[in-house]
Structure formats: C-alpha cells, structure tokens
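Residues 768 to 1012, numbered by this note's numbering, are exactly what the sequence shown covers, in order. Backbone N, C-alpha and C fix where the C-beta goes; we use that ideal spot for every residue, glycine too. Single-structure report; data block below.
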Amino acid sequence: MHKTQKIQNPAPEKLDEFIEPCFLDTHLWIKEPPTNNVNKIADYLSHRVSKIPLDLTSHAQRIRLYLALKDSNATYAALLDLFIVLGSNGTLLRKRLLHQASQVISTENYEFISLIPVDAAVISSDTPLSHLAVLSLGRTMEKKVIRKIDNEIPEKTEDPVVTAKDLINSGQIEQARSLLESTLINEPEHAGASEELLQIYRHTHDRDSCVRMLKKLSSSFAAHDQWVELIITLDQHTTERSLSA
C-alpha cells in the first residue's frame, strides 16, 4: 500500500472543517476516524481512497487535510487521485478544489493537472509525481479505475466488454455506454458489445440513445431485430408511464 509521507504538524481536533460543502449531509461523514495525530488521519484517508475509490467524501477530506497543512506534493497527489475517479463527472468540484489548491501546489503541477481532459483517466510514466497517488498503479484494492500506459506496446488488449463491466460496477455507466458504442461502430459483429449495450439501454430506459445508435449501424447488422424489439419495448414503457402519470 502507498506509504503516506509523515507530517509533523499537530492534528486538528475535528475533521468536520475538511468536508466539502457538497458533502455536508451527516450520513456521508466518515465514522470515527483516528484524530490523535495528522499521520494517522492521512494514512486512514489514503487507505479509504485506495480501498473504496468512489468514496468522494474521503477524497475531499484528504485534499482539504493536505491543503490545511500546505503540503504541496501530497495535495497534488490527492487531487490526481480524485480526478482519476471523477473522469468526466464532477466538473464544479474539480474546479473548486483546484482553485483552493492553486496557492499550495507547485506551478508545474498546477498547470499539468488543470489541463487534464475531463474525460481522461490515464496515468503514464510522464505524469508528474504519479508514484505519490495511491490510485496510480492501475488497479486499486477494489476495482480497476484507470489504465497505466507507457511507451511500450501492450502485449494484449483487454476485451472492451470486460472493461465496460468494470466501469458499470464502479458506477460509470455513461463511460461504459460510450466505450461499447465505439466498439460496436468499429466492430458491428461484436456480439458481446451488442448484448451489453442493450442491457444498458434497457436498464436506463434510454430509448433515444438506442435509436440513434441503431441508425449508425448497417441494416444488415446481425442483431438488428433484437434492437428493434428493445425500442418497441421502451416505447411501450414510455406510453404506460405517461398514462399512469
């Protein structure tokens, strides 16, 4: 597990002040974190982020803790971890925390992290101080959330359906849908991508995306009839909801 750099500053008595405004609902607060010194708090939050990447409260508290301590590298690494998990989501949270960190992290790191595309979830050997981020090794204790890329060509490409399922399991439905749609456009014969995409449309009742995607596929598309059947089912569902409203 990533070792958090030891910090000598005395710990604050409470962590409440480190909670971002959007996370002030009390049922989301961390339960009984260690508060006797900063090192234990930092270790605790780093462990939480590593074990449960989607725990945004822990991410925000960890960033606020390092900001309060004016720890430049640790603040940057904590921001990097959060941005990896957020992907294309949480734009306002990204901007707010990055603005708060602008006076603490180095100019080089600020420029790098502020220019990361919102849909990027990639760490490479060129990423400054990537070794300090607890999610920078490509796989967390719970779920895969990022790809690690270097200059060498990978020996094996992961099945996009497997990657999409990982994204779905981590709550990133839109990213999974986008990946499967791109896969199917490039490989219309990919039955697995078609089946998984239909499942997403069905569970999200996303008729419009289903129709739009089918129009992009050839009429000779092998699963064409299944897609049409789903569109009809979704139409019926929409009609039933309208009548019951």
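The alpha helix (DSSP H) that contains residue i, what's its start and end?
| i | result |
| --- | --- |
| Asn-856 | Counting along the chain, Asn-856 falls outside any alpha helix (DSSP H), and DSSP gives it neither H nor E. |
| His-972 | No alpha helix (DSSP H) holds His-972; DSSP gives it neither H nor E. |
| His-826 | 823-835 |
| Ser-817 | 805-818 |
| Pro-927 | 927-936 |
| Leu-947 | 940-953 |
| Phe-988 | Phe-988 -> no alpha helix (DSSP H), and no H or E assigned at all. |
| Glu-878 | 874-881 |
Within 10 angstroms of its Cβ, does residue i collect 16 or more other Cβ (buried), or is it exposed?
| i | result |
| --- | --- |
| Val-871 | buried |
| Val-929 | exposed |
| Val-816 | buried |
| Asn-936 | exposed |
| His-957 | buried |
| Leu-791 | Note on Leu-791: pLDDT 47, under 50, position unreliable in the model; the coordinate value appears next. Looking at its Cβ environment, which holds fewer than 16 other Cβ atoms inside 10 Å, Leu-791 is exposed. |
| Ser-825 | buried |
| Val-1022 | Residue 1022 is absent from the structure shown; the chain starts at 768 and stops at 1012. |
| Leu-882 | exposed |
| Asp-992 | exposed |
| Met-908 | Because the pLDDT of Met-908 is 34, which lies under 50, any placement of that residue in the model is unreliable, and the question is left without a value. |
| Leu-859 | exposed |
| Asp-1002 | exposed |
| Arg-979 | exposed |
| Asn-953 | exposed |
| Ala-989 | exposed |
| Ile-808 | buried |
| Ile-999 | exposed |
| Leu-782 | Since pLDDT at Leu-782 reaches only 48, below the 50 mark, its modelled position is unreliable, and no value is offered. |
| Glu-919 | The predicted position of Glu-919 is uncertain, since its pLDDT is 41 and thus under 50; no value can be drawn from it. |
| Met-768 | Unreliable placement is indicated for Met-768, whose pLDDT of 46 sits below 50; no coordinate value is reported for it. |
| Asp-838 | buried |
| Glu-925 | exposed |
| Glu-878 | exposed |
| Ser-985 | exposed |
Restricting to Cα atoms, I'd like to know which of the options is closest to residue i.
| i | options | result |
| --- | --- | --- |
| Cys-977 | Arg-944, Leu-882, Thr-950, Tyr-811 | Arg-944 |
| Leu-965 | Leu-997, Leu-864, Leu-902, Asn-953 | Leu-997 |
| Ser-961 | Gln-942, Asp-975, Leu-981 | Leu-981 |
| Ser-855 | Ser-949, Ala-931, Glu-941 | Glu-941 |
| Asn-806 | Leu-859, Thr-950, Leu-832 | Leu-832 |
| Ala-841 | Asp-822, Ala-868, His-972, Leu-1001 | Ala-868 |
| Thr-874 | Ser-987, Tyr-843, His-970, Leu-859 | Tyr-843 |
| Phe-850 | Ser-986, Ile-830, Leu-834, Lys-818 | Ile-830 |
| Pro-927 | Gly-959, Leu-902, Gly-938 | Gly-959 |
| Pro-820 | Lys-932, Leu-946, Ala-931, Gln-939 | Gln-939 |
| Thr-950 | His-866, Asp-973, Lys-983 | Lys-983 |
| Ser-987 | Pro-955, Arg-863, Ala-845, Lys-862 | Pro-955 |
| Asp-848 | Asp-822, Glu-925, Ser-985 | Asp-822 |
| Leu-934 | Val-852, Phe-879, Leu-902, Ser-985 | Val-852 |
| Val-901 | Ala-845, Ala-827, His-970, Asp-838 | Ala-845 |
| Gly-857 | Asp-838, Leu-836, Ala-827 | Ala-827 |
| Thr-971 | His-1004, Ser-813, Ala-835 | His-1004 |
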